[in-house]
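Residue 639 in our numbering sits at position 305 of the sequence shown, and the numbers go up by one each step.
Virtual Cβ for every residue (Gly too), placed ideally from N, Cα, C.
The model shown is predicted, which means the values in this text are computed figures rather than measured ones.
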Amino acid sequence: METIFAKIAQETTKFDLGDEEPLYPKSLDSIGAVKDEQYGPAERNRLDVFFPRDDKTKGKPVVLFVHGGGFLSGDKGWTNVGWSFARRGFVAVLANYRLVPNIFHNIAVPKYGQGSPDKVILLGHSSGGAHIAMSLYAAGDPKRTPKALIFLPVAGVFYLSVPFWFDRKKPVRQKSFAIIWIGRGRSLGGILQPLSPLGLFQSLSKGSPLLDPERLPAYIGSVKWEIKETADATATFFNAHRERSIPQGTLPTFHVQEKHNHISNVFSIGTADSAQGERLLEFMQSCVANIDQRIQRTISVISSLAQNVEHY
């Protein structure tokens, strides 16, 4: 691993388009897998599901991984993420989604591995995390119809190296978002930041459950060698989250992974370099425990009410 770390330190933030499409060996024998399950009408509306083959426990926690690729490329072929978390008792779902010029926001619900819909954790890397954030915070769009609050049954969310706002001077951003938003009848100049994850988050109504870290725990992750746009956006989103959290000043979980760049941290999951994977697993387990405690409190309240009714 030290040779790999030395290479990353030499290249720092440099990587090429397509580096986010790794090739890994097939899944372990103890891990079951369902590949290319269709969840929508588009060709790329497909997902892979990994689960512990011999674990018949119902209500297992679910982690949904959404890959990066700058909105232009990328694939769900990160089998290391799938079998790594499946080995630890999770149902791991890896999703593809439409890319520019056929982009569309959608998240599928897994139906394999006996996972619990109440224990779904979202794990987004780079533009995949931006997709998750823009879906979660869509209620912040003043022109959105309907305007009803969006709050999915999500146990927690990871944002790994996510561009929470976009550098409009970059040609690749102009190309991507001209297609995404001008195609919706909007001018690119005035809405690039308001419709970014940061802009939507800042426009959420006061009292939104999305602002309560107890209701939606958030993990904001960066790396030592992060590209400038994403590093600046991460710091800005962290401060915005702190300012708007309920109660105000409540901090999200934040971590900078040593020795890694924008994509190598996700490559490392399931390898001998276990630092990133173990840290994610710890947060995931805390999210599951939080849901279990909430369910237990609800059961206790209902039980208490039932006992009181019996006395009348």
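Problem - Contact the segment 593-609 vs the segment 569-585: 3+ CB pairs below 8 Å - result: no
Exercise for the section: Helix, strand or coil for PHE572, going by three-state DSSP, please let me know. Expected result: Correct three-state label for PHE572: helix.
Problem - Straight-line Cα distance separating LEU457 from VAL557 - result: 16 Å
Practice task
Inspect the CB distances between the segment 615-634 and the segment 460-480 and report whether three or more fall short of 8 Å.
Solution key: Contact fails: fewer than three Cβ-Cβ distances are below 8 Å.
Exercise for the section: Quickly, what does DSSP pair GLY458 with across the bridge? List them, please. Expected result: VAL400 and TYR493
Exercise for the section: Could you have a look at HIS596 and say whether DSSP puts it in helix, strand or coil? Expected result: coil
Handout entry: the segment 587-594 touching the segment 525-534, judged by at least three CB pairs closer than 8 Å
Key = With a cut-off of 8 Å, the segment 525-534 and the segment 587-594 do not count as touching, because too few Cβ pairs lie within range.
Exercise for the section: Grab me the residues of LEU615's own chain with a C-beta within less than 8 Å of its C-beta, minus the 5 sequence neighbours each way, in chain order. Expected result: PHE419 and ARG422
Problem - Continuous alpha helix (DSSP H) stretch holding GLU371: start and end - result: Premise fails: GLU371 lies in the beta strand (DSSP E), 365-372, not in any alpha helix (DSSP H).
Handout entry: Cα-Cα separation, LEU357 to ASP566
Key = No answer about LEU357 holds up, because its pLDDT of 46 lies below 50 and its placement is not dependable.
Exercise for the section: Return the CA-CA distance between ASN440 and SER469, expressed in angstroms with no decimal places. Expected result: With a pLDDT of 37 at ASN440, under the threshold of 50, the modelled position of this residue cannot be trusted; read the value that follows with caution. Roughly 8 Å separates the two Cα atoms.
Exercise for the section: Please go through the same chain and pick out, in chain order, the residues whose beta-carbon is closer than 6 Å to the beta-carbon of VAL600, but skip the five residues on each side of it. Expected result: HIS459
Handout entry: Bridge partner(s) assigned by DSSP for THR587
Key = Per DSSP, TYR553.
Exercise for the section: Please name the residue in GLY555, VAL427, VAL496 and PRO487 whose C-alpha comes closest to that of LEU544. Expected result: For the residues GLY555, VAL427, VAL496 and PRO487, the minimum Cα distance to LEU544 belongs to PRO487.
Practice task
Determine, using beta-carbon pairs with one atom in the segment 410-419 and one in the segment 380-392, whether at least three such pairs fall under 8 Å.
Solution key: yes
Practice task
Would you kindly check if the distance between the Cβ of LYS410 and the Cβ of GLY449 is under 8 Å?
Solution key: It is not a contact, given that the beta carbons lie outside the stated cut-off.
Problem - For LYS562 and THR337, the rounded distance between their alpha carbons - result: 25 Å
Exercise for the section: Check each candidate in SER598, LYS369, ALA340 and LEU362 and name the one with the smallest Cα separation from SER495. Expected result: SER598
Problem - With 16 other Cβ atoms within 10 Å as the buried cut-off, status of GLY542 - result: Correcting the residue identity first, residue 542 is Ser in this sequence and not Gly. Sixteen is the threshold: when 16 or more other Cβ atoms of the shown chains lie within 10 Å of the Cβ of SER542, as they do, the residue is buried.
Problem - Coil, strand or helix - ASP566 by DSSP - result: helix
Practice task
Sort ALA340, PRO497 and ILE580 by Cα distance to ILE466 and report the nearest one.
Solution key: PRO497
Practice task
Kindly list the residues whose CB is nearer than 6 Å to the CB of TRP559, restricted to its own chain and excluding five residues on each side of it in sequence; keep chain order.
Solution key: THR346, THR347 and ASN595
Practice task
Please state whether DSSP places SER579 in a helix, a strand or coil.
Solution key: In the structure shown, SER579 sits in coil (DSSP, three-state: anything other than H, G, I, E or B).
Exercise for the section: To the nearest angstrom, report how far apart TYR471 and LEU534 are at their CA atoms. Expected result: 6 Å
Handout entry: Beta-carbon proximity list for VAL622, same chain, < 6 Å, skipping 5 on both sides
Key = PRO395 and LYS453
Handout entry: As assigned by DSSP and simplified to three states, the class of ASP626
Key = In the structure shown, ASP626 sits in a helix (DSSP, three-state: H, G or I).
Practice task
Output the distance between the C-alpha atoms of PHE617 and VAL400, rounded to the nearest integer angstrom.
Solution key: Taking the straight line joining both Cα atoms gives about 17 Å.
Exercise for the section: With ALA340 as the anchor, note down where its alpha helix (DSSP H) starts and where it stops. Expected result: 336-345
Handout entry: Buried versus exposed, by CB contacts within 10 Å (16 or more), THR568
Key = The residue is buried, with at least 16 neighbouring Cβ atoms inside 10 Å.
Exercise for the section: Please name the residue, chosen from GLN610, PRO476, LYS593 and ASN624, that lies closest to PHE339 on a Cα-to-Cα basis. Expected result: When only C-alpha atoms are compared, the closest one is LYS593.
Exercise for the section: For my contact list, LEU538 and GLY490 are in at a C-beta cut-off of 8 Å; report their separation, rounded to the angstrom. Expected result: About 18 Å; that fails the 8 Å criterion.
Exercise for the section: From the DSSP output, read off the bridge partner residues of PRO386. Expected result: ILE365
Exercise for the section: Pull up the distance between the alpha-carbon of GLU577 and that of ASP363, whole angstroms please. Expected result: 47 Å
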